[in-house]
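Colleague:
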Amino acid sequence: MSAQLSPIARFDNLLLATDGSAVSTGAVRVALNLASRCGARLTVMHMAKTDPSYAMWNPGNVQQTEEQGRQVLRQVEEQAGTACVNCAPVLRYGEEPVKEIAAQAEEIQADLVVMGRRGVHWLERLVLGEAAARVVGHVKCSVLVVPQEANLWEKGILVAVDGSRYADAAAVAAGNLAKRCGLPLTVLAVCASDDLSCDLIKPLADRVRDLLRQDGVAADSVALEGKPADTIIQAARDNDCDLIVLGSHGRTGLDRILMGSVSQQVVTHARCPVLVVKSA
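For the working numbering, count along the sequence shown from 1 and bump the result up by 6.
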């Protein structure tokens with residue numbers, strides 16, 4: 007990890023995926039606020055689920071689905087206008103949301119995909135179980151998962167590290183966000199093995215903390231014992247952090263996300279937004 011922070015997490019081009027359900031409201035709110043704060047471009051995507059054979063026999067229902075999608079996009083455009091955010095609406099047609107999100111992110115070269123949790127329509131279960139792995143695994147950029155009631159982070163940021171280059175990338179992203187937002191950053195290393203002590207893993211967190219401090223980030227470090235996912239979520243609460251940042255091993259599914267199922271559990275159960283950072 008370089009002491010000089012890289013462009014990771016300098017989010018200039020955001021993609022918001024929304025199904026228009028109430029559960030997407032947190033993602034919409036955070037995406038608009040983040041775009042406003044970063045001066046970023048925002049593309050808002052909704053997928054109209056289509057089936058060629060169904061469309062042939064039910065053209066009226068297809069038109070209704072399209073109009074519902076356009077209404078979802080118009081509502082977000084109105085909110086973007088109020089927030090003085092440039093917003094480009096996109097209505098995509100398809101049957102598989104994950105593929106459409108990945109394709110749209112690729113087309114616009116998105117820096118970040120923002121989505122809600124537990125959508126009740128076509129985004130249903132996207133950030134749970136295997137579907138979460140598919141989103142993170144298919145897109146090249148980072149993914150921000152936002153619970154319905156969450157807001158843009160205002161208190162502090164927590165990043166989990168384990169000494170890998172993927173965790174380093176997450177720390178770089180967290181550091182850039184902390185600087186941009188003027189927030190403190192907590193660097194956490196978790197000891198999950200009975201054979202290890204916090205004294206052995208604390209240097210992992212201290213190393214990242216020191217490098218971040220060299221770059222002007224107000225960072226502290228902590229090492230804790232316990233079940234990784236539960237410990238990460240509780241540490242965020244205890245340290246008054248309203249954003250959790252994790253690393254991703256790449257484009258091969260949830261089993262390859264940093265700490266494997268731990269990331270899935272954090273994304274699923276955290277009360278605050280969770281940023282999964284993709285490294286080059």
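Quick reminder that beta carbons are idealized off the backbone N, C-alpha and C, glycines included.
Could you spell out the range, first to last residue, of the alpha helix (DSSP H) harbouring K105?
Modeller: Looking at the DSSP string, the run of the alpha helix (DSSP H) that includes K105 is 103-114.
Colleague: For L264, count neighbouring C-beta atoms within 10 Å of its own C-beta (all shown protein chains included) and say buried if the count is 16 or more, exposed if not.
Modeller: Any reading at L264 must be qualified, since the residue scores a pLDDT of 42, below 50, and its modelled position is unreliable; no value is offered.
Colleague: Where does C197 land, buried or exposed, given buried means 16+ other C-beta within 10 angstroms?
Modeller: Burial call: buried.
Colleague: Quick check on this structure: which residue in W159, R171, A175 has the alpha carbon closest to the alpha carbon of S148?
Modeller: Closest option to S148, Cα to Cα, is A175.
Colleague: Nearest-angstrom Cα distance between V268 and G75?
Modeller: Roughly 34 angstroms separates the two Cα atoms.
Colleague: What residues are listed by DSSP as bridge partners for H318?
Modeller: Residue 318 lies beyond the stretch modelled for the chain, which goes from 7 to 286, so this question has no answer here.
Colleague: How is A33 classed by DSSP in three states: helix, strand or coil?
Modeller: Looking at A33 - three-state DSSP - the assignment turns out to be helix.
Colleague: Is the beta carbon of A184 less than 7 angstroms from the beta carbon of P279?
Modeller: Contact flag unset, no.
Colleague: Helix, strand or coil, according to DSSP, for G45 in the structure here?
Modeller: Here G45 sits in coil by DSSP.
Colleague: What are the boundary residues of the alpha helix (DSSP H) that K208 is part of?
Modeller: 204-220 is the span of the alpha helix (DSSP H), which, as asked, contains K208.
Colleague: Counting pairs of beta carbons, one from the stretch 157-168 and one from the stretch 238-255, are three or more of them closer than 8 angstroms?
Modeller: The stretch 157-168 vs the stretch 238-255: in contact.
Colleague: Between the C-alpha atoms of S199 and D168, what's the straight-line distance to the nearest angstrom?
Modeller: Using only the alpha carbons, I get a separation of about 13 angstroms.
Colleague: Nearest-angstrom Cα distance between V214 and D226?
Modeller: When rounded, the distance between both Cα atoms is 9 angstroms.
Colleague: Excluding the five sequence neighbours on either side, which residues of its own chain have a C-beta within less than 8 angstroms of the C-beta of D18, listed in chain order?
Modeller: Hits under 8 angstroms: C44, G45, A46, R47, D117.
Colleague: In whole angstroms, give me the CA-to-CA distance for D212 and L191.
Modeller: Distance between the alpha carbons of D212 and L191: 12 angstroms.
Colleague: Does DSSP classify E160 as helix, strand or coil?
Modeller: If DSSP states are grouped into helix, strand and coil, E160 belongs with coil.
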